[in-house]
DNA sequence: CCGATACGCAACTGTTTCGTTTCGTATTTA
DNA sequence: TAAATACGAAACGAAACAGTTGCGTATCGG
């Protein structure tokens, strides 16, 4: 066992890499991406400058921009929505409230726009984000919908893929031209309004 | 009156500008944007090469990249959806079918991503696209929804902004991870399925 | 024909930014 | 202390691009 907390084998001798520098690099990367930068526009120089670090320190750790971004984006993992599981309506509202909150976070919005735009240019990176951030959430929502059709809280013949698109797409689109940043208001209760209108339908009560 | 079809004043004498070159430049610009290029990444050199044109020919016509893009994007105007106006449901299906068709067009998808990403960097350009392409369509949809609440085909207390987000957001989100390009299928009748499920609601018939 | 203008092409200058290398210093193990 | 490695700063050569100019040719009006 070494003198420090390093339990793995022998330390390779020489000055160890600074964990602070590493964190600063990751933070700077996410900052810049969060300010609307492309992967293409993102430059190692800008990251180094923002992090207060020499370019060498970055190149020593990552072979290229994409590797760095993959590592950086993996840190964005946000907790899954906490669902109480008592009523489907309540769970859907809670779920959409998380989506609303996320849509006000510049970092997350920029990450989503990268996922949508650069899928062809950076398939590895986008695949990792999808698998780490998006898929788990989709699965949570799908489970709520399936439960709803089983308990009778949702119609038995529900088209689940369409319903998922309806819930997420509606709130995303609404936030797009309502509160670009959260600058305006994220109208309290928007999640509830959307869920209730989607549950009840646009047509009159028949 | 000149010898040609030019009815405006005297022609300025000298070889007239080639309409073919102009069209080729516009096409090349839209091509490159349609391949996923940013405004920032788009280079005059690339446009000239793609169009089979000298850079001079471009600089003679437009002072800068943004001016060129503004002109190019203005050519994307697509006809408004043809609505028969007999039933609201039928009109909504027709409207969404246009959205589905557009979402399979690479050019349009890239233009939308520019509108979403570069709003701050190119406000003039984005404002023009919004006003020329987006607003007219939104107004058509809003009119259908208002008509529906008046005729009783839609619930009287309909939240119109939410309903618009639901219709457009659902189809957009669905197409996003179903048929990225139209490569797969744009499942026939998806517009109809979405409209019917949104009209009826996710909850059982009560 | 002549003058004027547009055309495509190639060359040029100046700027930016990239990824790499070099250098002097700091920190760790042996 | 000596060897090894990391650090930040600076400089370097290569590449891409902007915007301009010159050249030979093409197309217009008169």
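Residue numbers (our numbering), protein chains in the order written: chain A, 1 to 206; chain B, 1001 to 1206. Where a beta carbon is used, it is the ideal one built from N, C-alpha and C, also for glycine. Since the structure is predicted, the reported quantities are computational estimates derived from the model, not experimental observations.
Length of the line joining the Cα atoms of residue i and residue j
{"i": "residue 1133/B", "j": "residue 1093/B", "result": "20 Å"}
{"i": "residue 198/A", "j": "residue 77/A", "result": "29 Å"}
{"i": "residue 1081/B", "j": "residue 1125/B", "result": "24 Å"}
{"i": "residue 109/A", "j": "residue 74/A", "result": "15 Å"}
{"i": "residue 1086/B", "j": "residue 1142/B", "result": "16 Å"}
{"i": "residue 1193/B", "j": "residue 1149/B", "result": "21 Å"}
{"i": "residue 1130/B", "j": "residue 1105/B", "result": "18 Å"}
{"i": "residue 1102/B", "j": "residue 156/A", "result": "32 Å"}
{"i": "residue 1016/B", "j": "residue 168/A", "result": "53 Å"}
{"i": "residue 184/A", "j": "residue 1160/B", "result": "Because the pLDDT of residue 184/A is 49, which lies under 50, any placement of that residue in the model is unreliable, and the question is left without a value."}
{"i": "residue 117/A", "j": "residue 1072/B", "result": "20 Å"}
{"i": "residue 1152/B", "j": "residue 200/A", "result": "15 Å"}
{"i": "residue 182/A", "j": "residue 56/A", "result": "Low local confidence applies: a pLDDT of 46 at residue 182/A is under 50, so the model's placement there is unreliable, and no value is given."}
{"i": "residue 187/A", "j": "residue 112/A", "result": "22 Å"}
{"i": "residue 175/A", "j": "residue 31/A", "result": "22 Å"}
{"i": "residue 1069/B", "j": "residue 177/A", "result": "23 Å"}
{"i": "residue 981/B", "j": "residue 1095/B", "result": "No statement about residue 981/B is possible, as the shown extent of chain B runs from 1001 to 1206 and does not include it."}
{"i": "residue 1060/B", "j": "residue 22/A", "result": "49 Å"}
{"i": "residue 1097/B", "j": "residue 67/A", "result": "40 Å"}
{"i": "residue 135/A", "j": "residue 1019/B", "result": "50 Å"}
{"i": "residue 1190/B", "j": "residue 1047/B", "result": "37 Å"}
{"i": "residue 1025/B", "j": "residue 196/A", "result": "50 Å"}
Residue-chain proximity (residue i, chain B), Cβ-Cβ < 8 Å
{"i": "residue 140/A", "result": "no"}
{"i": "residue 34/A", "result": "no"}
{"i": "residue 81/A", "result": "no"}
{"i": "residue 124/A", "result": "no"}
{"i": "residue 85/A", "result": "no"}
{"i": "residue 197/A", "result": "yes"}
{"i": "residue 155/A", "result": "yes"}
{"i": "residue 39/A", "result": "no"}
{"i": "residue 143/A", "result": "no"}
{"i": "residue 52/A", "result": "no"}
{"i": "residue 200/A", "result": "yes"}
{"i": "residue 120/A", "result": "yes"}
Any chain A beta carbon closer than 8 Å to residue i
{"i": "residue 1047/B", "result": "no"}
{"i": "residue 1184/B", "result": "No answer about residue 1184/B holds up, because its pLDDT of 49 lies below 50 and its placement is not dependable."}
{"i": "residue 1043/B", "result": "no"}
{"i": "residue 1113/B", "result": "yes"}
{"i": "residue 1159/B", "result": "yes"}
{"i": "residue 1189/B", "result": "no"}
{"i": "residue 1168/B", "result": "yes"}
{"i": "residue 1204/B", "result": "yes"}
{"i": "residue 1174/B", "result": "yes"}
{"i": "residue 1150/B", "result": "no"}
{"i": "residue 1064/B", "result": "no"}
Cβ distance (whole Å) where residue i is taken to contact residue j below 8 Å
{"i": "residue 1162/B", "j": "residue 170/A", "result": "7 Å"}
{"i": "residue 202/A", "j": "residue 1158/B", "result": "6 Å"}
{"i": "residue 147/A", "j": "residue 53/A", "result": "The Cβ separation is near 48 Å, so there is no contact."}
{"i": "residue 1036/B", "j": "residue 1107/B", "result": "The Cβ separation is near 11 Å, so there is no contact."}
Limits of the alpha helix (DSSP H) - the one that residue i falls within
{"i": "residue 103/A", "result": "88-103"}
{"i": "residue 148/A", "result": "135-151"}
{"i": "residue 1041/B", "result": "No alpha helix (DSSP H) contains residue 1041/B, which DSSP labels as neither H nor E."}
{"i": "residue 169/A", "result": "160-178"}
{"i": "residue 192/A", "result": "190-200"}
Under the three-state DSSP convention, the category residue i falls into
{"i": "residue 1014/B", "result": "coil"}
{"i": "residue 64/A", "result": "coil"}
{"i": "residue 1030/B", "result": "helix"}
{"i": "residue 1073/B", "result": "helix"}
{"i": "residue 121/A", "result": "coil"}
{"i": "residue 1112/B", "result": "helix"}
{"i": "residue 1155/B", "result": "coil"}
{"i": "residue 128/A", "result": "helix"}
{"i": "residue 50/A", "result": "helix"}
{"i": "residue 1203/B", "result": "coil"}
{"i": "residue 1020/B", "result": "helix"}
{"i": "residue 1084/B", "result": "coil"}
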